[in-house]
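Protein chains in written order, with the numbering used here: chain A, 1 to 292; chain B, 1001 to 1702.
Reading through the structure tokens given below for one structure.
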Amino acid sequence: MDQNRQGARASYVALSVFVALWILAPSAVRRFNREAFVEFQAPALHLLGKSRDLATFWEKKSRSVEEMAAAGRDLARVNAALEIQINKYEDIRRENVRLREITHYNVPAEYMSVVARVATRDSSSWWQRIVIRKGRKDGIRPGAPVVFGNTVVGRVTAVHLTTSEVDLVTSPGFRCTAYLEGDEQNNIVLVNGVASNSLGTAKARVSVIPRDYSLLAGGQPTRVFTTGMGGVFPSRLILGYIDGGTYATQVGNFKESLLVPSRDLYNLQEVSVLVPLHQNPGEALIQGEDFQ
Amino acid sequence: MKESSDMHVLPSTPVDRLRLYGVFFFFFAGFLYVIGGLVYRQLIQSNDLKEQSDTQSRRVVLRPPARGRIYDRNGFPLVDNRARWSVKADLASLQKEFRAEYLRLLAAEKAREAVSIDREKLMEDARVRVLQGWLNKVWFVIDETNRNTKGRKSVAKLTPVTAPAERQINIDELRKHLRERRALPFTLVNDLAFPGTGQALTADDGTKSVARFIEQFPVEGPIRLDQDNVRTYPYGAMAAHVLGYVKDTDTLPDNVDDISEVRVESMQKLRYTGKTGAAGVELSYNHILSGRSGWELWSKTSSGYNQTRLKYSEPEQGSNVMLSLDYRIQQATESGLAKLKDPQGNLLPAAAVMIDIHTGEILALASQPSFDPNRLADRVSSKYYDEIEKSGGWLNRTTQGLYPPGSTFKVITATAGMRKKVVDWDEILDCGPFFRVGNRDYPEHEPVGYGEVNLDKMLAVSCNVWNYQIGLRTGIEALAAESRRFGLDAPLLQTVSDMETAGQPMTELPYAASRGLVVPDRAYKLRIGAGAWNDGDTANLSIGQGYLLTTPLHMACVAASIARGETRTVPSIIHSKERTGRHVGAEPIGLNADQLDALRGGMLRCVEEGTARVARIPGLPYAGKTGTSEYFKKGEKAHLAWMIGYAPADNPVVAFAVLVEGQTDTNTWGGKTAGPVAKEMLETWWPIAVKANQDENSKAPR
């Protein structure tokens, strides 16, 4: 009995000592520990992602021949349709090149695209943050925009050796400027993620909407695009859709609304990180450089 | 045995027992005192103590509301609010950084073995250095010329003193902020779209600057993006004298009575700087435009910073005001005035106004030179203030400028004469090159005179001699009485508003002339010590010269009154669909139909073939009367050019007045100088009126 009590006391003391050491430890030590923990669990995250890929592979491999034949037939039709589309796009591309040559318009490729598989969603902030399987060694840098197709997924907030954390569009830590579809004046609005409870659908707030702006007619979802003016996101990427209507704030000068992200974000398997070729000033701030 | 020992617990002697009871009583009383005190504090005083505690540990922060918008009569915004993005530092969150920097500076001082260390100064330096560091970061992000190359670690350690002011922390402002508003965030960049005078930004650059901060600066941390409203005047200087401008105020309306369980009277209140009207409608309708302040209830830290926001209420925007102006006519009026320049190319001081003769609503009211209220809406540079002062731009010449009306007054002289029956519409007078009054010859402006002149011709050619004769026949009493009948001595734009002024009289445009208007008579001349009234004074008055002083708005009202056949027109700058067209104090003009026709016909002839023929508009016959009066500018004689009138001549809708202050070395005449402005106003108004009429007819049931 005494031994048990002594054991319990010892564990309390050990816990207290650990907590005290953690509190008193310099921030550099704590940061190192946190980083070390992330790197320690990185292989597990990689393994988790890969095992999910493997499971998907075997799930597909177990399909019957008939199913495969039907899928092949469907695919052939889709391929045919896509061939036509490709031809059409090729024409447009040629026309685009021709116009650029005429107008001497040359857009430099400002971003390098790095494709990354999604390792996991950060369980501490569901909907708000994902972890991807590319990190510092793959050239990922903090602050880089993350996209899926032409839809914005979020922004890289922390980069580790082999993984990176991405704040989603709906994260309170995400903020960017945007245009609303149908706004001929191209007024910039502010998109800012909002904290939501874990069971609710995550959304972002769209504010500073001009009071004379009206949503698209006919119940058509109004898209929200990046402006490309802030130096982080390329222009005309889709941030999401206006949810419901707009409502005037009490201040009265502008309206606000909520933004729901594209449905693609709900089941992300793979994303592209657009690493800017030139480091923008904001990166230095994220890295905590001294400006005094 | 036990019993016996118990027996000895209480003293046996009465004295000892008394002592014991005394001790018991003492303790009992003390106990009662403590319990009583507890009850008193907990049950009786608790509310007061809670309030005291709240007062000490909480504060209310008032946030200014957005002001209401000002529209023209068709709903075009003349005054609006634009979003202003500012960057602010939360001083409470920076405490640790301040302390760390302070300790670093202190260590450096000690290492230097300084004789005496001024710790206050060190703390101030620490705050400045930390804030400067953050300001550097902000500029590093918003300045598009910065392209952080890979491997670059930081910018300069300290911003050089040669850097533009907006890139440096203003120590005086910081001191003032810490003294007066420590709990509120300190502003690092007042307006991200226009971050400073040191860097000229286009609208696009301004938007980029905001976007760069929003996207690149970390969301979390002590530096925050704040959004409020700043007054904007989309048409720049247009109608500036009517619209006015706003200035900073620390006096915000307290609307915090509704924090139910907290009594806020005794609580400390902090206010963000708001805006209040400083001139024009912004000032006179400030009570409507202002709105309701928002409030935030904060708990305080021991060092006086805000800690947690406990409750809040958003500010409520002020109500809108709809003016009677039509921005298209206003633009045309100002464009017409802007063409009036002296030989050096400087704008001539001038005024013009157009009113609806039925309702009295003012469609355009312009005064030149003017100012751009956008440049006064935020921080006013003393240079710009002085520029306006020097040019005389603050004065609203239409409502505040006092001038002799010159020959435009002849319509009143004629009316007075006909009402007194000293002349009739068809009477012909012999009008030579001058008219002798006493021992002085009063000249005609035409060297050979006009010969035989009736009312119609007098108005067309603006014959002085006709008026000298009729003025003397009428007499000063009747002339002065007629002037008063037309309201030349009455302040205008005074109204009893039914909009939230509880029926109190108010002036629609501040400082509209209510003093200084002069309708001279015998008593007036004696009062100013200029001696007895004489016939020369009457002759002068009959042509609108001498002591008579009025404003362009008054003369526009005279024209409107004649067009309606009444004596008074009550103008208004506010648009209302409920106006009845009844004008307070108005009575029939008192002329028979022939006389009135002759008066109006003369004014039509003035435009068609008379002194205002330069302003004739083919297809739009209208009535006018020009005037050229003399005044002294810097001790030298100069001309004032006038033109009043109404249009169309047969079915009047609008009346107008134009005044131009000529320079001493220029040749300024009523028709030639003021006429083209009137023409431009009417040419713009006419198609608008025709279209409005067509729209009205198409709506009417068939």
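For glycine and all other residues, C-beta sits at the position ideal for the given N, C-alpha and C.
- If you keep only unbroken beta strand (DSSP E) runs of at least 3 residues inside the segment 155-188 of chain A, you get 164-168, 175-180.
- Neighbours of Ile-1035 of chain B across chain A, judged by C-beta separation under 7 Å, do not exist; the nearest C-beta is about 40 Å away.
- Under the Cβ distance rule, Lys-1208 of chain B counts among the residues neighbouring chain A, one pair being separated by less than 9 Å.
- The beta carbon of Phe-32 of chain A sits no closer than 9 Å to any beta carbon of chain B.
- In this chain, the alpha helix (DSSP H) harbouring Val-1138 of chain B covers 1119-1142.
- Closer than 9 Å to the CB of Gln-1227 of chain B there is at least one CB belonging to chain A.
- Unbroken alpha helix (DSSP H) stretches of 4 residues or longer found wholly inside the segment 1387-1446 of chain B: 1410-1419, given in chain order.
- Of the residues A:Leu-190, A:Val-208, A:Val-206, the one whose Cα lies closest to the Cα of Ile-1214 of chain B is A:Leu-190.
- Beta-bridge analysis with DSSP links Phe-148 of chain A to A:Thr-151.
- At a cut-off of 9 Å between beta-carbon atoms, Leu-274 of chain A makes no contact with chain B.
- Its Cα nearest to that of Gly-1336 of chain B, the residue B:Met-1681 stands out among B:Met-1681, B:Gln-1694, B:Pro-1343.
- Going by DSSP, Glu-1661 of chain B is part of the beta strand (DSSP E) stretching over 1654-1661.
- Straight through space, the alpha carbons of Asp-1489 of chain B and Arg-1527 of chain B are spaced by roughly 16 Å.
- Remark: fewer than three beta-carbon pairs, one from each stretch, lie closer than 8 Å, so the segment 1570-1583 of chain B and the segment 1442-1457 of chain B are not flagged as touching.
- Per DSSP, Tyr-1285 of chain B has no beta bridge partner at all.
- Counting only runs of at least 3 residues, the segment 1300-1356 of chain B fully encloses the following beta strand (DSSP E) elements, listed from N- to C-terminal order: 1306-1313, 1350-1356.
- In this structure, Glu-1477 of chain B sits away from Leu-1493 of chain B, with a CB-CB distance that is not shorter than 9 Å.
- At a cut-off of 9 Å between beta carbons, Leu-190 of chain A contacts chain B.
- Of the candidates B:Leu-1517, B:Val-1465, B:Val-1246, the residue whose Cα lies closest to the Cα of Arg-1484 of chain B is B:Leu-1517.
- Contact between Ala-1183 of chain B and Asn-1306 of chain B holds: their C-beta atoms lie close to 5 Å from each other, under 8 Å.
- With a threshold of 9 Å between beta carbons, Gly-135 of chain A makes no contact with chain B.
- Gln-1095 of chain B is outside the set of residues whose beta carbon lies under 9 Å from a beta carbon in chain A.
- Neighbours of Ala-1647 of chain B across chain A, judged by C-beta separation under 8 Å, do not exist; the nearest C-beta is about 35 Å away.
- Under the three-state reduction of DSSP, Phe-1098 of chain B is assigned to helix.
- Interface residue (Cβ-Cβ distance to chain A less than 9 Å): Arg-1212 of chain B is classified as such.
- In the same chain as Tyr-1233 of chain B, and ignoring 5 residues on each side of it, the C-beta atoms closer than 6 Å to its own belong to Val-1079, Pro-1373, Asn-1374, in chain order.
- Interface criterion met: the Cβ of Ser-207 of chain A is under 9 Å from a Cβ in chain B.
- For His-1358 of chain B, DSSP records no beta bridge to any residue.
- At a cut-off of 9 Å between C-beta atoms, Pro-1218 of chain B counts as an interface residue with respect to chain A.
- Spanning the alpha carbons of Arg-1112 of chain B and Leu-1122 of chain B requires a straight line of approximately 14 Å.
- When only Cα atoms are considered, Leu-1549 of chain B and Lys-1634 of chain B end up about 18 Å apart.
- As the crow flies, the alpha-carbon of Gln-1545 of chain B is around 37 Å from that of Ser-1576 of chain B.
- The bridge partners DSSP lists for Ile-130 of chain A are A:Arg-121, A:Val-166.
- Inter-residue distance for Asn-1534 of chain B and Ala-1414 of chain B is about 20 Å (C-alpha atoms, whole angstroms).
- At a beta-carbon threshold of 8 Å, none of the residues of chain A lie near Val-1015 of chain B; the nearest stands roughly 57 Å away.
- Close partners of Ala-1539 of chain B in chain A (Cβ separation under 7 Å) are lacking, with about 59 Å as the shortest Cβ gap.
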